[in-house]
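Counting in the working numbering, the sequence shown runs from 180 upward without gaps.
In what follows, a single structure is set out as structure tokens and then discussed.
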Amino acid sequence: MAKVVSVNISEKKGTLKKPVPEIELKLRHGIVGDAHAGDWHRQISLLAEESVDTMRALSPVPLDSGIFAENINTTGIDLKGLPVGTRLRIGETEVEVTQIGKECHNDCAIKKAVGKCVMPTEGIFAVVVKEGVVRPGDEIEVLK
């Protein structure tokens, strides 16, 4: 069963995302209180804990939740294998996948320390379809 491991926000762009007890998802906005919220196609970022674990094995520095600027860490779901347009029920909310991966910026600290970064190839982005609150432990379901 797929689950949420951690939910993370940053209040300012350019700062690390920090784990929080819960996040509130709003239509045409994304996550309340997150610096990257807005009416665009990358309202929420998700990254599988399995991808982070791969990087942890290579990294000389600790890789806590949010280190890759992800809003939601998951377990038990192959995020990078989901096609654009897939809808996910996450707890009481629903999101739609809009993008798989992204270009890593040149001064990515992880890429400099480890030699690679998983967010460009394994992270996904989504928009809010149904509002609500997401917490660690919430179940994730791929909707048909």
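Each residue gets a CB set at the ideal place from its N, CA and C atoms; glycine is no exception.
Fair warning: this is a prediction, and the values are worked out from it, not measured in the lab.
Query                                                                                     : Result
Candidates 251, 257, 282, of which the one nearest residue 269 by Cα                      : 251
With 16 other Cβ atoms within 10 Å as the buried cut-off, status of residue 232           : exposed
Span separating the alpha-carbon of residue 296 from that of residue 281                  : 11 Å
Anticipated Cβ contact below 8 Å, residue 303 with residue 279, distance rounded          : 5 Å
Length of the line joining the Cα atoms of residue 228 and residue 254                    : 5 Å
N- and C-terminal bounds of the alpha helix (DSSP H) containing residue 237               : 228-237
Residue 165 versus residue 208 - alpha carbon distance                                    : The first residue shown for the chain is 180 and the last is 323, placing residue 165 beyond what the model contains.
Contact set for residue 247: own chain, Cβ-Cβ below 6 Å, skip 5 residues either direction : 226, 298
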